[in-house]
Structures are given as structure tokens and as C-alpha cells.
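Take 1 as the starting number for the sequence shown in full-length UniProt numbering and just add one per residue.
Even glycine gets a Cβ: it sits at the ideal position worked out from N, Cα and C.
For reference, the structure is listed below as C-alpha cells.
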Amino acid sequence: MAFLNVKSVEEVYKVINSFKVNPGEQIVDIVDAVGKTLAEDIYSPYDLPQFNRSAVDGYAVRWEDVSGASESLPSLLEVIERLEMGTAPTNELKPGSCVEVPTGGMLPKNADSVVMVEYTENFSDHEVGIHKSVASGENVIIKGEDIKKGEVIMNKGDQVLPESINLLSSLGVTKVSIVKPVRVGIISTGDELVETGEEWCLGEIPNSNGPGLMAACKLWGGIPEYYGIVKDQFNDVKSTLKKAVNECEIVLLTGGTSVGKKDYVAEAIESIGTPGVLIHGIALKPGKPTIIGQIDNTPVFGLSGNPVSAMLCFKLFVRPLLNNYTEEKTLIGYLNQNIPSAGGRQDYVPVKVNQVKDKIEVKPLFAKSNSIGVLTKMDGYIIVPIHSEGLAKGEKVKIYLKERG
Numbered sequence: 001m002a003f004l005n006v007k008s009v010e011e012v013y014k015v016i017n018s019f020k021v022n023p024g025e026q027i028v029d030i031v032d033a034v035g036k037t038l039a040e041d042i043y044s045p046y047d048l049p050q051f052n053r054s055a056v057d058g059y060a061v062r063w064e065d066v067s068g069a070s071e072s073l074p075s076l077l078e079v080i081e082r083l084e085m086g087t088a089p090t091n092e093l094k095p096g097s098c099v100e101v102p103t104g105g106m107l108p109k110n111a112d113s114v115v116m117v118e119y120t121e122n123f124s125d126h127e128v129g130i131h132k133s134v135a136s137g138e139n140v141i142i143k144g145e146d147i148k149k150g151e152v153i154m155n156k157g158d159q160v161l162p163e164s165i166n167l168l169s170s171l172g173v174t175k176v177s178i179v180k181p182v183r184v185g186i187i188s189t190g191d192e193l194v195e196t197g198e199e200w201c202l203g204e205i206p207n208s209n210g211p212g213l214m215a216a217c218k219l220w221g222g223i224p225e226y227y228g229i230v231k232d233q234f235n236d237v238k239s240t241l242k243k244a245v246n247e248c249e250i251v252l253l254t255g256g257t258s259v260g261k262k263d264y265v266a267e268a269i270e271s272i273g274t275p276g277v278l279i280h281g282i283a284l285k286p287g288k289p290t291i292i293g294q295i296d297n298t299p300v301f302g303l304s305g306n307p308v309s310a311m312l313c314f315k316l317f318v319r320p321l322l323n324n325y326t327e328e329k330t331l332i333g334y335l336n337q338n339i340p341s342a343g344g345r346q347d348y349v350p351v352k353v354n355q356v357k358d359k360i361e362v363k364p365l366f367a368k369s370n371s372i373g374v375l376t377k378m379d380g381y382i383i384v385p386i387h388s389e390g391l392a393k394g395e396k397v398k399i400y401l402k403e404r405g
């Protein structure tokens, strides 16, 4: 099967955005939800705080009882209760009375402000002098000031972060509904491949893409399902692909995506279901022979057997479908040498980043797409636009930083 018309990266994203990956929902404990995507809005079951609280250590008062108070002319108030943290007041304030409260403590009924302990003087166990007046509401955290009962505190589609767990716990929420992690089938193809850890003969290659893509799936929230190494036989590729499509929401194959005699991935996709191959060939380097297809409702990606190409195309085209996608972190820097480009394709160039005096220096790592060592040496990559003939030394560039978990 020959290449179809080579598509631009922008055209590829239009296809990617049309895919509907729906792995379903499940209810989990909030700690198990971290890193996952919410399947529904979450509403606050309570006001937060649930009662008027003191923002300081001091005395809860009625503001009018301390109006005009000063060090030379203190207001004398009866202390009717001294609260410990975690206890509720049993008395309400009457004119001329106060309650000692800790920071975060619940205010008694009728208290509308708190005088800091620094501005008070105890005359006896039941009498305190107030040396400073306060305004109504001063040093008070009002019930519902942070969050109102019934307010949406997290939205469907939000990623659950550790900070989210703090919020949910403070409201007594113990379980949430999340989008199930996407199951990603991974199939390595190639007569030359052997599994990592097995002995291999001259001419054979350890399978690095299988473990690498499994790790990428886990890092970005998917559940990898590994189908092993499949030899370059059409029927073997087809049967394994068919099984993976029936069991997973997304399927990846590595190798067999070009137009050689034993490149069967495109043909296998076409033979199983519709609409079949949607894209065969992308105007980017590395990764030109990438295949994107769909079998019924399941997206299928044929990634190059070259590790740099496979990992780049996974990050560009598969990662956005894994439900917990977040924008890549970027940095601005300046090239320390020229980068040539043939034009007519979008080049993704791995780079090393160094701080040199007061600016970020960007060093291109010129490597072939099968140069696996560059994956650990690189700090990220930069993009040479499709119609550019290259980038010049000293040019300002945007670096897309490598994910570090």
C-alpha cells in the first residue's frame, strides 16, 4: 500500500479532535482519584467554614461594647467562657460580656468581632480589659465565606490534584466519580525484535518501544495492555490488532508503517473495519510514515519503529486522548547554532538547555530517528515551521520541555 496524501500536523489534529474516546466512569476513594479526570461536577455539601470563626487568638465581642476602647481607657468585659479548639460555645454574648477564643475557634451567638489577645489585659478569671476598639466583622471569618453550600467546587473534566484532595476532605467528600483510565493496546511488530531481557543474536534488536510506550501510557494516565511482539506476517498482525481493538479504547502498533514488502499495518487496519486508514504520512520529521486510523469507534495509531519517532508521535497525537491531558511546559531560549531544514515538513528537533549568564542557551541534538540515546539526553524539543528553511544561531525559540512526571 502506497502513502496516501501526506497531511500537515494541523490537519492531523483535526482528525485527532474528532475521536471520541469513552472508557466509562467509576467511583473511587478521593486519594485514588489523584491524577484522574472528574466525570461529573462536585457540589459543596456544606458552607465552608460551617460557622463563624475567629481569625486570631483573642476575645469574641460585640463591637459596640468596645467602641472607643484604648490603653488609657479600656473597656471592661465579663469573660463568660474560655473555649478550647474543637469545642462549641455554650453561651451567647450579652451586652458587656465576651468569650475567649483560639484561632479558628467557633464564635458564640451575637459575637461580631474579635479583639486580638495582644490588646487585652486580664484583671481576673472573669474580667478582661480591652485596650483597642474593633469594627464589626474584624478578625472574623464568616460562615460560607470560602465556599457556599451547593456551590460547584470542581467541574466535570477537571484533573484531580493533591490540592483537590485537601478541598474535598475539608467538605467531608470521600468518594468521587472519575473517567476510567483509557486502556491502550500496544503491539510491537517486526521479525527483528526480541523482548527486553532475552538473549538476542546478531541482527536482532531488543524491543524498546513496547516498554517505552507502556511507561508513557502510565505516566499520562492510561492503562497499557501489552500484546507482545508480532512477526511481519499479515494474518498475525491482523488477528492481534483485531483482538486489541475489541479490548481497548486506543490501539498502538509500532513498526510496519512504511511501504515496504512486509509493512502490513495499514493493510491490517483497512481489512478489519471502517473507516479504516484516515492518514498515512504526516509532514513532520521524525515520524513521516505515521498512520492514523479508526476501526469502528477505536482510534488506531501506527507509529514508526524508530524510538524517537514513536515517542514523539505518541506525545503529539496519542497523549491528548488520555483524558488527563495538560498543556506542555515551555521555556524561551536562544539557539547556539544554526538548524537547517529541508522545508515542506515540520521538524521537531531535540535540544539540550543550559543557563548561560542571564539567558537560556539552546543546543540542538542532531540525531537520527533511530538514535535512542537522544531520548535521555534531551531536555525537550523545538519546532522548525513547515515552510521554514531553518533557524539561525541566536534566534529566539520556544522549547517544549520533556515531561518529568
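query                                                                                                                            : result
Cβ neighbour criterion (16 or more within 10 Å) applied to Lys94                                                                 : exposed
Backbone secondary structure at Met1 - three-state DSSP                                                                          : Its pLDDT being 47, under 50, Met1 is placed unreliably by the model, and the measurement read from it follows with that caveat. Coil, per DSSP.
Tyr43 classed as buried or exposed, judged by whether at least 16 other C-beta atoms fall within 10 angstroms                    : exposed
Per-residue burial, Leu73 [other beta carbons within 10 Å of its own, 16 or more giving buried]                                  : exposed
Cα-Cα separation between Val115 and Leu167, rounded to whole angstroms                                                           : 29 Å
Touching by the beta-carbon criterion (3+ pairs, under 8 Å), the region 329–346 and the region 360–369                           : yes
Selection from Leu284, Tyr227 and Ile178 that minimises the alpha carbon distance to Pro23                                       : Ile178
Extent of the continuous beta strand (DSSP E) run through Lys175                                                                 : Lys175 to Val179
Spatial distance of Met1 from Val259 (CA atoms)                                                                                  : The predicted model places Met1 with a pLDDT of 47, which falls under 50 and marks its position as unreliable, so this point remains unresolved.
Residues near Pro340 by beta carbon distance below 8 Å, same chain, minus five either side                                       : Glu389 and Gly390
Alpha-carbon spacing of Leu252 relative to Ser18, whole angstroms                                                                : 18 Å
One or two residues paired with Lys396 in a DSSP bridge                                                                          : Tyr334
Through-space distance from Gln50 to Met99, alpha-carbon basis                                                                   : Position check: residue 99 holds Val in this sequence, whereas Met was assumed. Val99 and Gln50: Cα-Cα distance of roughly 19 Å.
Contacts around Met85, its chain only, beta-carbon distance under 7 Å, and the 5 residues preceding and following it disregarded : Pro102, Gly104 and Gly105
Gly210 beta carbon less than 8 Å from that of Gly305                                                                             : no
Cβ pair Pro350, Val318 closer than 8 Å                                                                                           : no
Cβ separation of Gly256 and Val265, assumed to be a contact under 8 Å, to the nearest whole Å                                    : 4 Å
Lys20 versus Ile223: straight-line alpha-carbon distance, rounded                                                                : 17 Å
Spatial neighbours of Gly343 in its chain, beta-carbon cut-off 8 Å, leaving aside the 5 residues before and after                : Ile386, His387, Ser388 and Glu389
Contained alpha helix (DSSP H) runs [length at least 4] in the region 128–195, N- to C-terminal order                            : 162–170
Distance between Leu278 and Gln294 (C-alpha atoms, nearest Å)                                                                    : 7 Å
Close beta carbons around residue 406, own chain, < 7 Å, minus the five adjacent residues each side                              : No answer is possible for residue 406: the residues shown for the chain start at 1 and end at 405.
Nearest to Leu213 (by Cα), restricted to the options Lys262, Ser309 and Asp41                                                    : Ser309
Straight-line Cα distance separating Gly203 from Asp232                                                                          : 15 Å
As assigned by DSSP and simplified to three states, the class of Pro108                                                          : coil
Gly302: first and last residue of the uninterrupted beta strand (DSSP E) it sits in                                              : Thr298 to Leu303
Nearest-angstrom Cα separation, counted from Val9 out to Asp32                                                                   : 36 Å
Helix, strand or coil at Val353 [DSSP, three-state]                                                                              : strand
For Phe19, the three-state DSSP class (helix, strand or coil)                                                                    : coil
Distance CB(Pro289)-CB(Leu312) smaller than 8 Å                                                                                  : no
Whole runs of the alpha helix (DSSP H) within the UniProt domain "MoaB/Mog" (185–324), excluding any shorter than 4 residues     : 209–219, 234–247, 265–272 and 307–313
Inside the region 14–96 only - beta strand (DSSP E) runs reaching at least 3 residues                                            : 25–29, 58–61 and 75–82
The alpha helix (DSSP H) enclosing Lys377, as first and last residue numbers                                                     : Val374 to Lys377
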